[in-house]
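66 is the number that my numbering gives to position 66 of the sequence shown; each next residue is one higher, with no gaps. Before any comments, here is the structure.
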Amino acid sequence: MPKISVIMPVYNNEKYLADSIENILKQSFSDFELICIDDGSTDKSLDIMKLYALKDKRIVVLSQKNQGVGYARNKAIQAAKGEWLAFCDGDDLVPQSAYEYMYKASADVDVVVGEYMEIDDMGKELYLKCRHKHKTNNFYAIFMSPCVWNKLIRRDFLLKHEIFFPELLLGEDVVFLGEIAKNTPRVRTIGRCCYKHCNRFQTNSISLTHKYDYIHFEAYVRCRVLLLEICWENAHIKEAYNYVCYEMMIPLLECIYRIQDFEEKNKAFELLKNYLEYFAWKNEEERFVQIFGVSHKRFEEMDAYEYFTSTKIFDHAEIVLKQYEAGTIGASYIVKYAKAWLKHKLKSNVKGLLRDSENGV
């Protein structure tokens, strides 16, 4: 039986899949199986997986109709034979000695958490994430990075507590990790990069507007609500509350900010107001102002347009410039950002002219 089962869900990754598989096969730790599960790809991904399975007996190929990454991972968890589970997407990379170091740190724990690196399409290292500050608080150790890529998880722990990925549009990692945290696992963190996540937006301007609409915003909110519900009667409710309330709030605001459709933006803004009722802001006015830039009462009176134009909470030009100066993004991204911004402004101006003409202005 292999020590580690590496689970790789794949959907239309033919461009990057071979590199990802080759990368796993070159691990210094060799006692693993690689379960590649195709989620109904319409490109040549399945053919690539089958070809590699013929070359290396450690590769197991599964396939299903398109049902989402959560369903695919659950199917692989059931089929896995390893004592430990690791997860890798079909377009990412794993440092050569990552599994070796994680396995060495796995004695007497249920979860091993490493650091991970953001890289661009060319493999350039952008910045290291998940520098461990919480070595004794298991909830924060797990949620220093709300993703499964950089973790080694004991399979028996998941099966014992019947923990599987929810079938959500997005945010399945957050809910999955919430279920793990709820059951008080033994956690060990290691100060070593154990995963390289390819940030496609660095060289692909499509991601500047990708997944920013009401449907995806609603899914973002849903996964946060589920996390709170999971931990509500658990010892980690205080940590979960603080994490969802404070650390996960800005991404919600940014999602609304980047929704281009005016009606969807306002609809999402109203949903955010309803979502905020989960939290007790009465004695947290100073914290509310720190997060939102206005008082709670003023926030409730505003619509999305008034809020974002008056608070200027997301001055993306300034943010992009600071990231460029810090060396976390390259000049090519500046060009992509400028083009996307110009396209957005042109579309906004056209919509404004159409509204004016309809109103007889």
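The beta carbon of each residue, even a glycine, is placed where N, CA and C say it ideally should be.
Nearest to C194 by C-alpha distance, out of D92, T311 and I35, is D92.
Per DSSP, the beta-bridge partners of L152 are A86 and V112. Per DSSP, I291 is not a residue of any beta strand (DSSP E); the alpha helix (DSSP H) it occupies stretches across E285 to F292. For L253, the enclosing alpha helix (DSSP H) starts and ends at M249 to R258.
For D303, the closest of E277, N283 and K265 by C-alpha to C-alpha distance is K265. For G70, the enclosing alpha helix (DSSP H) begins and ends at V69 to A79. Boundaries cannot be given for V244, as no beta strand (DSSP E) includes it and DSSP labels it neither H nor E.
Taking all protein chains shown into account, P166 has 16 or more neighbouring C-beta atoms within 10 Å of its C-beta and is therefore buried.
Between the alpha carbons of R298 and F262 lies a gap of roughly 21 Å. Short of 6 Å from the beta carbon of A72, and not among the five residues preceding or following it, lie these beta carbons of its own chain, in chain order: P9, I37 and D39. Beta-bridge partners assigned by DSSP to T189: V113. Around the beta carbon of R287, fewer than 16 other beta carbons lie within 10 angstroms, which makes this residue exposed. When the beta-carbon positions are compared, W84 and Y116 stay at least 8 Å from each other. Boundaries of the alpha helix (DSSP H) around D19: L17 to L25. Excluding residues up to 5 positions away in sequence, F139 and A181 lie with their Cβ nearer than 6 Å to the Cβ of H236 in the same chain. Around A86, the same chain offers I4, V6 and L152 as residues with beta carbons nearer than 6 Å, after the five sequence neighbours per side are excluded. Residue pairing by DSSP places I4 opposite F32 and W84 in a beta bridge.
For P9, the beta-bridge partners assigned by DSSP are I37.
In the DSSP assignment, V60 falls within the unbroken beta strand (DSSP E) covering I59 to Q64. Taking every protein chain shown into account, the CB of Y305 has fewer than 16 other CB atoms within 10 angstroms, so this residue is exposed. Rounded to whole angstroms, the gap between the alpha carbons of Y307 and Y16 is 41 Å.
Take the alpha-carbon of V69 and the one of F143: they are about 20 Å apart.
Approximately 15 Å separates the beta-carbon atoms of Y241 and L252; this is outside 8 Å, ruling out the contact. When the beta-carbon positions are compared, Y220 and G171 come within less than 8 Å of each other. CA-to-CA, the gap between D89 and N234 works out to about 31 Å. Taking 8 Å as the cut-off, the Cβ atoms of I35 and A76 count as close.
In this structure, S28 keeps its C-beta atom at 8 Å or more from the C-beta atom of Q78.
In this structure, DSSP gives K44 a state outside helix and strand, which the three-state scheme calls coil.
DSSP, read as helix, strand or coil, puts L126 in strand. Across the structure, E247 and F157 are spaced so that their CA atoms are roughly 27 Å apart.
Of the residues R222, V244, F176 and S30, the one whose Cα lies closest to the Cα of Y101 is S30. Residue burial annotation: T309 is exposed, with fewer than 16 other C-beta atoms found within 10 angstroms of its C-beta. Of V187, H161, K196 and L177, the smallest CA-CA separation from A107 is found for V187. The beta carbon of V289 is closer than 7 Å to those of S295 in its chain, skipping five residues each way along the sequence. Going by DSSP, C231 is part of the alpha helix (DSSP H) stretching over Y214 to C231.
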